[in-house]
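Below is one structure, written out as structure tokens; the observations come after it.
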Ligand code: A2P
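Residue numbers (my numbering): 1400 to 1685.
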């Protein structure tokens, strides 16, 4: 079951902040017209949640689109992420200011540590994350960010963070799609009160090649994209489908008029490898 009826319906973070239940992903969307138009299109279609990151290189266009949209700032949820080359208290605060400057905004709705164990800090990631988190907590307390969280963190990274954290992350954003459901990690995060965001809900496009998804989608008279966004919501995730195409953005958001049978939800969850697998955050070379 999913309680949602439209793009402005929300999950509630553990600090009471409301976060729209589907967000537009912008990974691999180059800065400039493409990113600008994608965000403008998404907002005019009704999306109220945009997910970017310093490393995507498109914060300037994303922010400009948010500002030009004519939609009041407090009705758009904007997320960005701290990249792996930055750790430490002052460094994190500086990177945050740079992100805000690029976006042209005066606060962020959500700021995430992008990866738990960057290649450049592998010998001291725990201490590095602890200092970074302290800066994020202070920015949060100062009212510069409405919510703070993590991305790509596994249980042991979270355990380590919580040794010194004062504030439990409000979100963990991880790769989640059929066959890559990280059930133990999701249960662990939920137990701590985190909302789970799902990036690459289409396996960065791999899902469109899977014949069985087409068969299941056809049963509901829906497309594969709609099947997977709906599945993500019924799993209790917050999907972040990426598209730069207005018609596909609209399609990806047209998921509130049908319900997948529990058997199909479970079957999709169990299709191991169907959409590829996640990188191991402890061995990535970035
Ligand atoms: P495009 O941006 O040209 O629409 P993910 O969200 O898992 O990272 O997947 C993103 C990929 O899926 C992109 O290549 C995107 O291409 C494609 N995509 C997004 N929505 C749809 C859709 N409704 N139908 C087909 N492809 C889609």
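The beta-carbon is built from N, C-alpha and C at its ideal position, and this holds for glycine as well.
**Prompt:** From 1658, 1673 and 1644, pick the residue whose C-alpha is nearest to that of residue 1436; which is it?
**Reply:** For the purposes of this step, residue 1436 is taken as residue 37 along the chain shown, with counting starting at 1. Restricting attention to 1658, 1673 and 1644, the CA atom closest to the CA of residue 1436 is found in 1644.
**Request:** Name, in chain order, the residues that DSSP records as bridge partners for residue 1677.
**Result:** Here residue 1677 is taken as the residue at index 278 of the chain shown, counted from 1. Among the bridge pairs identified by DSSP, residue 1677 is matched with none.
**Residue range of the beta strand (DSSP E) that includes residue 1557** = One-based indexing of the chain shown puts residue 1557 at position 158. Boundaries around residue 1557 are those of the alpha helix (DSSP H), 1554 to 1561, since no beta strand (DSSP E) includes it.
**Request:** With a 10 Å radius around its C-beta and 16 neighbouring C-beta atoms as the bar for buried, classify residue 1357 as buried or exposed.
**Result:** Residue 1357 lies beyond the range of the chain shown here (1400 to 1685); nothing can be said about it.
**Message:** Could you give the first and the last residue of the continuous alpha helix (DSSP H) run that contains residue 1531?
**Reply:** As a working mapping, residue 1531 is identified with position 132 in the chain shown. Its alpha helix (DSSP H) spans residues 1524 to 1540.
**Secondary structure of residue 1649, DSSP reduced to three states** = Taking the chain shown and counting its residues from 1, the one referred to as residue 1649 is at position 250. Of the three classes helix, strand and coil, the one that applies to residue 1649 here is helix, per DSSP.
**Request:** Express the C-alpha separation of residue 1482 and residue 1454 in angstroms, rounding to a whole number.
**Result:** Residue 1454 sits at position 55 when you count from the first residue of the chain shown. Residue 1482 sits at position 83 when you count from the first residue of the chain shown. Cα-Cα distance, rounded: 6 Å.
**Request:** Given a cut-off of 8 Å, decide if residue 1421 and residue 1628 are closer than it, judged by their beta-carbon atoms.
**Result:** In the chain shown, the residue the question calls residue 1628 occupies position 229. In the chain shown, the residue the question calls residue 1421 occupies position 22. Yes, these two residues count as a Cβ contact at 8 Å.
**Asked** Nearest to residue 1605 by alpha carbon, out of 1577, 1530 and 1413?
**Response** In the chain shown, counting from the first residue as 1, residue 1605 sits at position 206. Just measuring C-alpha positions, the residue of 1577, 1530 and 1413 sitting nearest residue 1605 is 1577.
**Asked** Which stretch, first to last residue, makes up the beta strand (DSSP E) that contains residue 1610?
**Response** Here the question's residue 1610 lines up with position 211 in the chain shown. First-last for residue 1610: 1610 to 1618, but that is the alpha helix (DSSP H), not the beta strand (DSSP E).
**Asked** Where residue 1690 and residue 1513 are concerned, what is the direct C-alpha to C-alpha distance, given to the nearest angstrom?
**Response** Only positions 1400 to 1685 of the chain appear in the structure, and residue 1690 is not among them; the question remains open.
**Asked** In terms of DSSP beta bridges, what is residue 1419 paired with?
**Response** By 1-based counting over the chain shown, the position of residue 1419 is 20. Note: residue 1419 sits in a beta bridge opposite 1409.
**Message:** For the ligand A2P, is there any heavy atom lying closer than 7 Å to the beta carbon of residue 1604?
**Reply:** As a working mapping, residue 1604 is identified with position 205 in the chain shown. Yes, the ligand A2P has a heavy atom inside 7 Å of this Cβ.
**Asked** Which whole-angstrom value describes the C-beta separation of residue 1468 and residue 1442, a residue pair presumed to lie in contact below a C-beta threshold of 8 Å?
**Response** On the chain shown, residue 1468 is found 69 positions in, with the first residue counted as 1. On the chain shown, residue 1442 is found 43 positions in, with the first residue counted as 1. Right, their Cβ atoms sit about 5 Å apart.
**Presumed contact (8 Å Cβ cut-off) between residue 1543 and residue 1416, rounded CB distance** = Taking the chain shown and counting its residues from 1, the one referred to as residue 1543 is at position 144. Taking the chain shown and counting its residues from 1, the one referred to as residue 1416 is at position 17. Not quite, the Cβ-Cβ distance comes to about 14 Å (not below 8 Å), so this is no contact.
**Asked** With a Cβ-Cβ cutoff of 8 Å, do residue 1693 and residue 1518 count as a contact?
**Response** One cannot answer for residue 1693 here, as it falls past the ends of the chain, which runs 1400 to 1685.
**Request:** Using only alpha-carbon positions, find the residue among 1538, 1408 and 1531 that is nearest to residue 1708.
**Result:** The shown model of the chain, from 1400 to 1685, leaves out residue 1708, and the question about it has no answer.
**Request:** Please indicate yes or no: does the CB of residue 1642 lie closer than 7 Å to some heavy atom of the ligand A2P?
**Result:** Along the chain shown, one-based indexing puts residue 1642 at 243. Residue 1642 has its CB nearer than 7 Å to a heavy atom of the ligand A2P.
**Request:** Using beta-carbon positions only, say whether residue 1503 and residue 1460 come within less than 8 Å of one another.
**Result:** Walking along the chain shown from the start, residue 1503 turns up at place 104. Walking along the chain shown from the start, residue 1460 turns up at place 61. With respect to residue 1460, residue 1503 sits apart: the two C-beta atoms are not nearer than 8 Å.
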